[in-house]
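First to last, the protein sequences are chains A and B. Each residue of the first sequence is one higher than the one before, starting from 1439 at the first, in our numbering. Each residue of the second sequence is one higher than the one before, starting from 1439 at the first, in our numbering. Virtual Cβ for every residue (Gly too), placed ideally from N, Cα, C. Computed from a prediction, not measured in an experiment: that's the story for all the values here.
There are 2 protein chains.
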Amino acid sequence: MVTIQDVAKAAGVSPMTVSHVINDHPHVKNETRERVLRAIAELDYRVNVAARNLRTGRTGTIGLAVAEIDRPYYGQLAAAIITAAERRGLKVAIEQTGASREGELDALALSRNRLYDGLILSTVGLGPADTELLKVDHPVVILGERIFDGPVDHVAMPNVEGARAATAHLIERGCRRVVLIDGGVRGDEVDVSSLRYTGYREALDAAGLAFDPALVAPIDAFTMESGAAAARRVADSGLDFDGIFCVTDTVAIGALRGLADRGVAVPGRVKVIGFDNIAEGAYSVPSLSTIDPDHTLMADTAVDLLARRLTEKGKKNRQVAQEFISRFSVVARESTG
Amino acid sequence: MVTIQDVAKAAGVSPMTVSHVINDHPHVKNETRERVLRAIAELDYRVNVAARNLRTGRTGTIGLAVAEIDRPYYGQLAAAIITAAERRGLKVAIEQTGASREGELDALALSRNRLYDGLILSTVGLGPADTELLKVDHPVVILGERIFDGPVDHVAMPNVEGARAATAHLIERGCRRVVLIDGGVRGDEVDVSSLRYTGYREALDAAGLAFDPALVAPIDAFTMESGAAAARRVADSGLDFDGIFCVTDTVAIGALRGLADRGVAVPGRVKVIGFDNIAEGAYSVPSLSTIDPDHTLMADTAVDLLARRLTEKGKKNRQVAQEFISRFSVVARESTG
DNA sequence: GGCGTGATTTGTATCGATAAAAAACTGTAT
DNA sequence: ATACAGTTTTTTATCGATACAAATCACGCC
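This is the structure in C-alpha cells:
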C-alpha cells in the first residue's frame, strides 16, 4: 500500500510537503508541487481516508436518514441531496429509519459514533418529547416539521399553505365535497398530517364550505397500498364526494388505482390532487395534479445548512438555529382537469 | 471526547482489555467484562470508527453504485441491499453513476480510495473492454450482466429467459404483432437491451412468428419519458401492432402513458408487459404485467458474495469468481388481461 | 556582508484503536 | 515446592495522515 511517506521519498521531499500538495495548501513552490504530483501519479498513491479522518476528526461523509429509500419521494429527495453534497465534496450514507421513532434515534446514535460529520434527518416518528435527544455534539438538520423546541436547523415544506392551495384548486375546479385522505392521528399538531389537514380546513373555510368529518379518510401509512384501500373504502361507502386531496402523491397514485378499481372516473366524476410532485405523477393515467414544494431547493438548503455547521469553529460563534420553509407551486394535470 | 484510555482508567484495566470487551474477544473474565461495560455506560463511550479503521484497514461500509437512486428500480434494489447489509453489520454508501461509464469508473476509484471495504456495482456503461480496470484489490460484485472476462463475482437477472417468457405471455394472450421498446444499440451482445432482445426473438421464433424490424422501437434511456415518447411514436406511425414488451417497468409505465395520450386502449387494443416488477406497476392504471426477477434474492446474494470476500484471508485461498443468476416469474396483471 | 521578511519546507507529536507478543495469573499434577 | 498448561491481562509498536511550530531559504536593502 503506497503511503504518503513513499511519495515523499520518491519526490525527495518530506511527507508534510506532500500533505500540503494534496490539501492545496498555499506556499508550495510550483516546481515542488509538480514533482510531488508526478510521484503521486507514478506510484498511484491514494490518501488513506481513515488516517486522515483520525487526525482531522472529520469523515467527509454525512448521513441521510429517511423512512424508506424505495419510496419515490425519498428516492428523489436522496438523489437531490447526494447531488448537492457532491458539490461540496461530501459523501452521503443512507440510513433507513422505517418511519419509526426508534429508527430515527438509531440514526442519531450512528452519527454520534462519529461515522458521519453530520446528519440530515427526515423526521416522521420523533416528537417534541424527544427534543433532549437531539442535543448531540454534531450538526443535525431536520427535514420536516418544526417539532422541536431545541435549537436545531430545519428545512420544512409549506405544508399548511400548500395543502390550502391544493384544496382550493379542487374547489376552483368545481368540487364541493372534498375527501381528505390523510394520516389519522390529530391532537399533536405539528406532524405533516395535521398541518395538511389544517390547510384543508382553511381552504374549506375560505370557500365557505362546511367541514364534514365523514369526508376524512384516515390511513396509517403513506403508501400506495393504503391510498388505494382508502379510496375503495370511500367509494364503497356510498358517500357523496367529488374531489380527493391526498396527503402525498404516493397515496394519491394509490387512490387513483383504488378509484379505478371501483370504476370511478377521474377527473370526470371525482378530481384528485396530491402533494410532493414526485416524478411518477406526471406519467400516471390520469396524470396527477399536485403541489410542488421544490425539492431541489430543499435539498440544497439542507446540505447548505449542514455544510455551514461543519465549518463552524468551536462552540463560541455558533449561529442560532435556522428555519427554512420552501416555496411551492400548484401543478395542474389531468386528474383535476 | 471519551477514549478507550478513559474507559480503561475508570475500570482499572488496560486499554487492551477494554478493546477485548468491545470486540467480544474470548478470555475476558466475567467480572472484568462487567466492570468495563459499566465504565463504558457511565462515560457514554463510543468507539472512534476512524481510529479502528486505520488500525484494522476495514471501514465497515460498502459502496453501492447505481445509475440514479431516484429511479424506482434502483431505489427498491438499494432498499433491499441496505437491509441485507444491515444484517451483516455493514453500512451502505450510495454512489450515483448517472448510468455512464465514467460514473462507474469513479465509483470504482472511490472504493480504491479505501472509503469502502467493497463495492456492489450496478453496471450499465462498462463493457468488456474495461475488464482490466476491474482488477482492483478490494472485492467487487457486479450486479448486471456477465460483461467481463475478469474474475469478478456477479449477480445477474435471467434476462434472456425472462424476456422470452414476457414475449411468450403476450403471444399466449393473442398478440401477433409485438413491439419491442428497448435500448437500441446492437452488436455488443452482453448488455441488458441485447439480452432481452434475444429473448424477444426467441419467443417469436418459438411461436412461429416472423420478426419485423419495424416493430423495434429504440430508446436511449430507460426512463418513463423515453417510454412514453416511444409509445407515442409507434402509435403515430400507423404501424399495425397489438402488444408491447418494454425493456423495463419504468419504460412500460411511460409507454402506458404514451398510449393513453394517443387514446390506445390497454389491454383492449394493445397489451403491455414490462420487466423488473417495481412496486409502482401494481398500482398503475391499468396495472402492469411484468417479469419478477426476485430482487430480494438478488440483493441478498450480492451482499452475501461481497461479505464472503471481505472475510477472505489473504490472496492464497481466494475462491473463484461466482456467477449467480436469479430466478424469475411472470406476473400477469391488467395490462395483458 | 548582515539583516529582515515572507515564502517554503521539515520535525515532532499526536489522533484512538488494535495486532502481536509477552507477562502475569490460575489451578492442577507431580 | 515446582513445573506446566491454559486463561487472563498488559506492553509495545504501529496503522497513515496532519496540526503546530520551528527551521530553512530567497531576496532585497542598508
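query                                                                                                                                  : result
Distance, D1714 of chain A Cα to R1509 of chain A Cα                                                                                   : 12 angstroms
Proximity below 9 angstroms, CB of I1478 of chain A to CB of V1451 of chain A                                                          : no
Counted within 10 angstroms of its Cβ, other Cβ atoms place Q1514 of chain B as buried (16 or more) or exposed                         : buried
Span separating the alpha-carbon of K1754 of chain A from that of D1575 of chain A                                                     : For K1754 of chain A, the predicted model reports a pLDDT of 49, less than 50, meaning its position is unreliable; a value from the coordinates is still stated below. The straight-line gap from Cα to Cα measures roughly 13 angstroms.
Residues bridged to E1583 of chain A [DSSP beta-bridge criterion]                                                                      : Answer is none; E1583 of chain A lacks a bridge partner.
Neighbour-count burial assignment, G1701 of chain B, 16 or more Cβ in a 10 Å radius                                                    : exposed
Beta carbon proximity, D1508 of chain A to chain B, threshold 9 angstroms                                                              : yes
Alpha carbon of K1529 of chain A to alpha carbon of V1474 of chain A, nearest angstrom                                                 : 27 angstroms
Integer-rounded CB distance, given that E1761 of chain B should sit under 8 angstroms from H1592 of chain B                            : 6 angstroms
Exposure of S1560 of chain B, with buried meaning 16 or more beta-carbon neighbours within 10 Å                                        : buried
Among A:C1613, A:D1629, A:M1662 and A:A1666, nearest to A1648 of chain A - alpha-carbon criterion                                      : A:C1613
Beta-carbon proximity of I1729 of chain A to V1758 of chain A, cut-off 9 angstroms                                                     : no
Cβ-based neighbour list, R1615 of chain A, same chain, cut-off 6 angstroms, excluding 5 preceding and 5 following                      : D1678, F1679 and D1680
Within 7 angstroms of chain B by C-beta, residues of the region 1635–1664 of chain A in sequence order                                 : M1662
C-alpha gap between V1466 of chain A and Y1511 of chain A, whole angstroms                                                             : 47 angstroms
Whole runs of the beta strand (DSSP E) within the region 1695–1730 of chain A, excluding any shorter than 3 residues                   : 1709–1711 and 1728–1730
Alpha helix (DSSP H) segment containing A1489 of chain B, residue limits                                                               : V1487 to T1494
Pairwise C-alpha distance: I1520 of chain B and T1494 of chain B                                                                       : 23 angstroms
Chain B residues whose Cβ lies nearer than 8 angstroms to that of E1540 of chain A                                                     : Those do not exist, as E1540 of chain A stays about 14 angstroms from chain B at its closest Cβ, beyond 8 angstroms.
Residue nearest to L1633 of chain B in terms of C-alpha spacing, selected from B:D1620, B:S1664, B:G1563 and B:A1652                   : B:D1620
Every unbroken alpha helix (DSSP H) inside the region 1511–1562 of chain B [4 residues or more]                                        : 1539–1550
Cβ-based burial, Q1443 of chain A [other Cβ within 10 Å; buried from 16]                                                               : exposed
Residues within the region 1718–1736 of chain B neighbouring chain A, beta-carbon criterion of under 9 angstroms                       : E1718, A1720, Y1721, S1722, V1723, P1724 and S1725
Endpoints, alpha helix (DSSP H) assigned at A1479 of chain B                                                                           : N1468 to L1481
Three-state secondary structure assigned by DSSP to D1591 of chain B                                                                   : strand
Coarse secondary structure for V1504 of chain B, derived from DSSP in three states                                                     : strand
Within chain A, partners of N1468 of chain B - CB distance below 7 angstroms                                                           : None at all; the shortest Cβ gap to chain A is about 26 angstroms.
Outcome for S1779 of chain A when other beta-carbon atoms lying within 10 angstroms are tallied against a minimum of 16                : This structure gives no information on residue 1779 of chain A, because the portion of chain A shown stretches from 1439 to 1775.
Candidates B:A1516, B:A1522, B:D1568 and B:A1523: closest to R1539 of chain B by CA position                                           : B:D1568
C-alpha gap between D1629 of chain B and V1562 of chain B, whole angstroms                                                             : 7 angstroms
Residue range of the unbroken alpha helix (DSSP H) whose run includes L1642 of chain A                                                 : V1630 to A1645
Under 8 angstroms (Cβ pairs) to chain B, residues found in the region 1702–1714 of chain A                                             : none
CA-to-CA distance, A1449 of chain B to N1597 of chain A, given in whole angstroms                                                      : 51 angstroms
Residues bridged to A1655 of chain B (per DSSP)                                                                                        : B:I1619
Identity of the residues DSSP links to D1499 of chain B by a beta bridge                                                               : The displayed chain sequence assigns Thr, not Asp, to residue 1499 of chain B. Answer by DSSP bridge pairing, in chain order: B:K1529.
Contact set between the region 1478–1491 of chain B and chain A, restricted to residues whose Cβ is under 8 angstroms from the partner : R1484, V1485, N1486, V1487, A1488, A1489 and N1491
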